[in-house]
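Notes follow once the structure below has been shown.
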Amino acid sequence: MKNEIIIGGLTAIVTGAFISMQALLSGRAGQIIGPINTGFWTNFLGGSIAGLLILSIGAFRGFETVKITATALPIVAIAGMLGIMIIMGVSFSTARAGVAAGLSAIMFGQLVFGTLADTFGWGGSQPIPLDARRIVGLAVMAVAIFLLMKRN
Numbered sequence: 413m414k415n416e417i418i419i420g421g422l423t424a425i426v427t428g429a430f431i432s433m434q435a436l437l438s439g440r441a442g443q444i445i446g447p448i449n450t451g452f453w454t455n456f457l458g459g460s461i462a463g464l465l466i467l468s469i470g471a472f473r474g475f476e477t478v479k480i481t482a483t484a485l486p487i488v489a490i491a492g493m494l495g496i497m498i499i500m501g502v503s504f505s506t507a508r509a510g511v512a513a514g515l516s517a518i519m520f521g522q523l524v525f526g527t528l529a530d531t532f533g534w535g536g537s538q539p540i541p542l543d544a545r546r547i548v549g550l551a552v553m554a555v556a557i558f559l560l561m562k563r564n
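The opening position of the sequence shown corresponds to residue 413 in the working numbering, with each subsequent residue numbered one higher.
This is how it looks when you write it as structure tokens:
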């Protein structure tokens with residue numbers, strides 16, 4: 413296996429742990445201030461920190477290193493708006509379903525969208541055919557979510 417693949421996989425695992433930590437914190441904040449406020453404040457404060465980092469990096473390494481192009485700006489803006497919705501959804505779902513079940517359902521949504529993106533070649537990638545193996549994988553994930561849901 414190529415080192416690049418191993419490093420990518422390990423990075424994905426660490427990123428997954430960060431997502432779980434963020435979900436736990438967002439769920440708790442959502443219980444205190446509500447999921448909508450949690451989404452707004454999380455993104456505002458995260459954006460403020462990112463802005464300070466951009467200014468700091470630009471000041472030390474030159475602002476050419478942190479520039480954004482006119483083509484990338486609307487893409488990044490839409491991604492940022494989606495980030496607000498994501499934090500709201502994570503805050504709402506994990507506070508009610510639990511962290512494991514909520515994150516599993518979120519991952520299922522990601523897998524369904526990712527499967528559609530692969531199948532239709534969205535984002536400029538080569539299409540990957542939808543086959544029985546991939547459908548069974550999604551079905552197994554759906555069963556896992558059902559098993560992880562807390563019961564009252």
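Glycine included, C-beta positions come from ideal geometry on N, C-alpha and C.
The structure presented is a predicted model; accordingly, all values stated were derived computationally and were not measured.
Given this structure, state the Cα-to-Cα distance separating residue i from residue j, to the nearest angstrom.
i, j, result
"Gly459", "Ile487", "16 Å"
"Phe456", "Met433", "18 Å"
"Ala529", "Met497", "20 Å"
"Leu559", "Gly474", "52 Å"
"Pro541", "Lys414", "25 Å"
"Ala471", "Arg563", "53 Å"
"Ile418", "Ile425", "11 Å"
"Ala429", "Ala435", "10 Å"
"Trp453", "Ala491", "16 Å"
"Arg545", "Ile469", "46 Å"
"Gly495", "Thr423", "20 Å"
"Glu476", "Ala489", "20 Å"
"Ser537", "Phe525", "14 Å"
"Met553", "Glu416", "27 Å"
Grab me the residues of residue i's own chain with a C-beta within less than 8 Å of its C-beta, minus the 5 sequence neighbours each way, in chain order.
i, result
"Ile466", "Val478"
"Gly534", "A quick correction: the sequence has Trp, not Gly, at residue 534. The residues are Leu528."
"Ala509", "Ala517, Met561, Lys562"
"Met539", "With the sequence shown as reference, residue 539 is identified as Pro, and Met is not the correct amino acid for it. For Pro539, where only same-chain residues beyond five positions count, the Cβ hits under 8 Å are Asp530, Thr531, Phe532, Gly533."
"Ile431", "Leu515"
Just checking my contact of residue i with residue j at CB under 8 Å: how many whole Å lie between their CB atoms?
i, j, result
"Gly439", "Ala507", "4 Å"
"Leu550", "Leu523", "6 Å"
"Thr427", "Met500", "Rounded, the Cβ-Cβ distance is 20 Å, inconsistent with contact."
"Ser503", "Ala441", "6 Å"
Quick one: grab the DSSP three-state call for residue i.
i, result
"Pro539", "coil"
"Thr481", "coil"
"Arg508", "helix"
"Met561", "coil"
"Gly533", "coil"
"Gly495", "helix"
"Gly446", "coil"
"Gly474", "coil"
Give every residue of the same chain whose Cβ lies closer than 7 Å to the Cβ of residue i, excluding the five residues on either side of it in the sequence, and list them in chain order.
i, result
"Gln443", "Ala507"
Output needed for residue i: all residues of its chain with C-beta closer than 6 Å, excluding positions within five of it in sequence on either side, in chain order.
i, result
"Ala517", "Ile557"
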